[in-house]
Amino acid sequence: MATRPATFKSTDSFSGSLDNYMDSIVEVRPEAERALPPEPESPVMETRALNVFYGDFHAVHDVDLAFGRHEITALIGPSGCGKSTVLRCLNRMNDLVTGCRVEGTVTYHDVDIYTKKVDPIEVRRHIGMVFEKPNPFPKSIYDNIAYGPRVIGMQIDDMDAHVEEALRSAALWDEVKDKLKQSAYGLSGGQQQRLCIARTIATKPDIILMDEPCSALDPIATSRIEDLMTELRNSYTIIIVTHNMQQAARVSDRTAFFTAKPDETTGNRTGLLVEYDLTKNIFGRPKDERTEAYISGRFG
Amino acid sequence: MPSTTLEYTRESVQAAVSTGRSRDRNSKSLIFLILLWTSLFFGIMVLLVLIVSTAIDGAGRFDSALITKYDSTLFPERTGFRAGILGTLWLMATTAVMAVPLGIAAAVYLEEFADGTRWYNRIIELNLQNLAAVPSIVYGLLAVAVMAVIGFQRKGIVLGGAIALALLILPVIIITTREAIRAVPNDIRFGSLALGATPLQTTWRQTLPSSIPGIATGTILGLSRAIGEAAPLLLIGIAGAVRFDPTGPLSPVTALPIQIYSTTSQSQEAYQQAAAAAIIVLLVLVLALNGLAIFIRNKFQREW
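Chains as they are written, first to last, in our numbering: chain F, 1 to 300; chain U, 301 to 604.
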């Protein structure tokens, strides 16, 4: 293997062994690596024997995951492996899908959020979500941010300051401070997505779920969102679903690899968790050969 | 090389593309085009002849007396439609007050909260489609029954007429409002719910404001259907000869279509003229309402 050129920054054109592959990723964002215990200590959120069905279709099979506080956890895997389904179980967004049934437990600070006495609306107030396609409300930039705090009844003395703080945390303030009263639809796709992150931050959630937040964005906007995630990690627990393995490698602390297994009789593909470990292990020393095949590009 | 592959050369492409004629303009498509134009021409001509001949008939009566005077049996040439115009305005306002909130609420329930798999919701759904096609006179009968149940002896009042018209346009309003609500992308609802908003807050603060243009258009189109209706009003006993202004929801009333109907049944030529002029007034009212609907739709239209 030839020596890497000094200017090598991108992993896109890379064709080498797994070790060098990982090296190049770490070089892009060295701050992503930090000392973490092999298992999340006192995790904020845990799933046990999580099974999800859409009608008769078994979408996800027996997922056990634990999410560490102020860590970024990435869920990766090929299309149809159930990673987005798992994510939507974590704040009960799956309730809104007709015919969706969840079995097993999802505990949040040791409360099973799927028991009768739990209010799903209260769960979503604590666990915010950013979607694949930027979905700002058809309102002004200011009102997009102020909407969340208003509907959940947060006691805020100075809404202007609150909006500014949220926009600053999402690294959007400098770009929009002169047009807060203009429609959010005038922003670019990347700005809209950061607005959606700011909107979530404004409600001061505990956990932020992100469902492929960069898949509709160009590489520059993607890189800004990734920077933002690394900053937000200091105050929030982030769980992100991504198609982009380099992204998972760049930003996340832990990675869960999912795959889809076709049912022998029906041919329906059921998603299952293959391997869950520190990101550097998943990308550097995967234990399961399916993981290795996927991240080295031989499958998926 | 597979036999299905075509060989494209400079010569073969030139020969095929620049033939000097267009298959767009052969005789078949020309005949088809002429047929379309004839149908269009026929439809528009019938309408135009109707409107122009009515306008010519009524030409002598476009004066202030037409809209400021009550109808007169002594002076046919000075008969006016003041009672009918004011009555129609009162009826429309009362109809809107009753039908719009009810229709929007029903549409919101069906679209946002109803479980479409339940048998009762499916029955409502099915009936709604049928109700829109029920003859208007049936709604007149229904309104008579409603007024009798509430306990009104005299039914030919603003309230009675408005109940009939509100029942008539309710299906139209519900159906158009549902379409407007359905056009709001789910992304918006999920965005709001993911912030911890309740379904009610999401409907009230996101879905409904976003569907205002569709709701307004549907409502106004419903009202412009109601404005020309005479049958249900006749059935509930709204009289043609009323010579005072309506003063409230319980006041006896007449409506422009009814007054036109009773005026045309008079034999004198002057009444025919007055009726023709009143028809034009009614047409202007309908067109104004439709114009308002288009204006609202264009002004608030949003591309998702």
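Positions of the beta carbon are idealized from the N, C-alpha and C atoms, including for glycine.
From a predicted model like this one, the values you see are computed outputs, not experimental measurements.
Fill in: Burial state of U:Tyr308, where buried means 16 or more other Cβ atoms lie within 10 Å
When all chains shown are included, U:Tyr308 counts as exposed.
Worksheet item: From the beta carbon of F:Met325, is the nearest beta carbon of chain U less than 7 Å away?
Response: An answer regarding residue 325 of chain F cannot be provided, because it is not within the stretch 1 to 300 covered by chain F.
Worksheet item: For the alpha helix (DSSP H) that contains F:Ile236, what are its first and last residues?
Response: Residue 236 of chain F is actually Tyr in this sequence, not Ile. Annotation for F:Tyr236: no alpha helix (DSSP H) segment contains it, and DSSP assigns it neither H nor E.
Practice prompt. Identify the continuous alpha helix (DSSP H) that holds U:Val586 and give its terminal residues.
Written response: That run of the alpha helix (DSSP H) goes Glu569 to Phe600.
Worksheet item: Roughly how many angstroms lie between the CA atoms of U:Val586 and U:Thr395, to the nearest whole one?
Response: Distance between U:Val586 and U:Thr395, taken at the CA atoms: about 15 Å.
Worksheet item: If the cut is a Cβ gap below 8 Å, which residues of chain U does F:Asn135 touch?
Response: Within chain U, the C-beta atoms nearer than 8 Å to that of F:Asn135 come from Pro485, Asp487, Ile488, Phe490 and Gly491, in chain order.
Practice prompt. Quick one: residues in its chain with C-beta nearer than 7 Å to the C-beta of U:Ala443, no 5 flanking neighbours on either side, listed in chain order?
Written response: Within the same chain, U:Ala443 has close Cβ partners Gly460, Ile463, Ala464, Leu467, Pro532 and Ile536.
Worksheet item: What residue does the beta strand (DSSP E) around U:Arg478 start on, and which one ends it?
Response: Looking at the DSSP string, U:Arg478 is not in any beta strand (DSSP E); the run it does join, the alpha helix (DSSP H), is Val458 to Arg482.
Worksheet entry | Inter-residue Cα distance where the pair is U:Glu569 and U:Gly387 | Near 25 Å, if we compare the C-alpha coordinates of U:Gly387 and U:Glu569.
Worksheet entry | beta strand (DSSP E) segment containing U:Tyr370, residue limits | That residue, U:Tyr370, is in no beta strand (DSSP E); it is neither H nor E in DSSP.
Worksheet item: With 16 other CB atoms within 10 Å as the buried threshold, where does U:Leu340 fall?
Response: U:Leu340 is classed as exposed because its beta carbon has fewer than 16 other beta carbons within 10 Å across all chains shown.
Fill in: Same chain, Cβ closer than 8 Å to F:Lys139, five either side skipped, listed in chain order
Taken in chain order, the residues that qualify are Tyr147, Ser183 and Ala184.
Worksheet item: With respect to the alpha helix (DSSP H) encompassing F:His126, which residues constitute its N-terminal and C-terminal limits?
Response: F:His126: member of the alpha helix (DSSP H) spanning Pro120 to His126, first to last residue.
Item to complete: Taking all protein chains shown into account, decide if F:Pro219 is buried (16 or more other Cβ within 10 angstroms of its Cβ) or exposed.
Response: With fewer than 16 other beta carbons inside 10 angstroms of its own, F:Pro219 counts as exposed.
Worksheet item: For the alpha helix (DSSP H) that contains U:Gly537, what are its first and last residues?
Response: That residue, U:Gly537, is in no alpha helix (DSSP H); it is neither H nor E in DSSP.
Discussion item. With a threshold of 7 Å between beta carbons, is U:Ser510 in contact with chain F?
Written reply: Yes, because at least one Cβ of chain F sits closer than 7 Å to the Cβ of U:Ser510.
Worksheet item: Got a sec: which bits of the region 188–205 of chain F sit with their beta carbon under 9 Å from any beta carbon on chain U, in order along the chain?
Response: If the cut-off is 9 Å between Cβ atoms, the region 188–205 of chain F has Cys196, Arg199, Thr200, Ala202, Thr203 and Pro205 near chain U.
Practice prompt. Please decide whether F:Ser296 counts as near chain U, where near means a Cβ-Cβ distance under 7 Å.
Written response: The C-beta of F:Ser296 comes no closer than 7 Å to any C-beta of chain U.
Discussion item. Within 8 Å, do at least three Cβ pairs link the region 41–49 of chain F to the region 58–78 of chain F?
Written reply: Touching, per the Cβ criterion.
Worksheet entry | Contact set between the region 492–503 of chain U and chain F, restricted to residues whose Cβ is under 9 Å from the partner | So the close ones are Ser492, Leu493, Ala494, Leu495, Gly496, Ala497, Thr498, Pro499, Gln501 and Thr502.
Practice prompt. Let me know if U:Arg323 comes out buried or exposed under the rule of 16 or more other beta-carbons within 10 Å of its beta-carbon.
Written response: A residue is called buried when at least 16 other Cβ atoms come within 10 angstroms of its Cβ; U:Arg323 does not meet this threshold and is exposed.
Discussion item. Can you pull the chain U neighbours of F:Val151, defined as C-beta to C-beta under 9 Å?
Written reply: Counting only Cβ-Cβ distances below 9 Å, F:Val151 has contacts in chain U at Ser492, Leu495, Gly496, Ala497, Thr498, Gln501, Thr502 and Arg505, in chain order.
Discussion item. Given a cut-off of 7 Å on the beta-carbon distance, is the pair U:Ile520 and U:Leu592 in contact?
Written reply: Yes, these two residues count as a Cβ contact at 7 Å.
Practice prompt. Please list, in chain order, all residues of the same chain as F:Cys100 whose beta carbon is under 6 Å from its beta carbon, the five residues on each side excluded.
Written response: Cβ neighbours of F:Cys100 beyond the five flanking positions: Tyr54 and Asn94.
Discussion item. Does F:Ala49 come out as helix, strand or coil in the three-state DSSP assignment?
Written reply: Here F:Ala49 sits in strand by DSSP.
Item to complete: Taking F:Cys196 as part of the alpha helix (DSSP H), name the residues at either end of that continuous run.
Response: Gly189 to Ile201 is the extent of the alpha helix (DSSP H) around F:Cys196.
Worksheet entry | Under 7 Å between C-beta atoms of U:Ser510 and U:Val484 | Yes, they are a contact pair.
Discussion item. Does the CB of F:Pro138 have a neighbour CB from chain U at under 7 Å?
Written reply: Judged by the 7 Å Cβ criterion, F:Pro138 is in contact with chain U.
Discussion item. Taking 7 Å as the threshold (beta carbon to beta carbon), is F:Arg101 in contact with chain U?
Written reply: False, the Cβ-Cβ gap to chain U never drops below 7 Å.
Discussion item. Can you tell me which residues form a DSSP beta bridge with F:Tyr276?
Written reply: F:Tyr276 is bridged by DSSP to F:Ala256.
Item to complete: Determine, using beta carbons only, whether U:Gly496 and F:Arg124 come nearer to each other than 7 Å.
Response: Taking the C-beta atoms as reference points, F:Arg124 is found nearer than 7 Å to U:Gly496.
Worksheet entry | Closer than 7 Å to chain U by CB, F:Gly55 | No, no contact with chain U.
Worksheet entry | Pairwise C-alpha distance: U:Gly384 and U:Thr554 | U:Thr554 and U:Gly384: Cα-Cα distance of roughly 5 Å.
Worksheet entry | Beta-bridge pairing of F:Ile76 - partner residues as DSSP gives them | Looking at the DSSP assignment, F:Ile76 forms a beta bridge with F:Phe257.
Discussion item. For a quick check, are the C-beta atoms of F:Val102 and F:Val52 less than 7 Å apart?
Written reply: Yes; because the gap between Cβ atoms is below 7 Å, this pair is in contact.
Worksheet item: In three-state DSSP terms, what is F:Asp112?
Response: DSSP places F:Asp112 in strand when its eight states are reduced to three.
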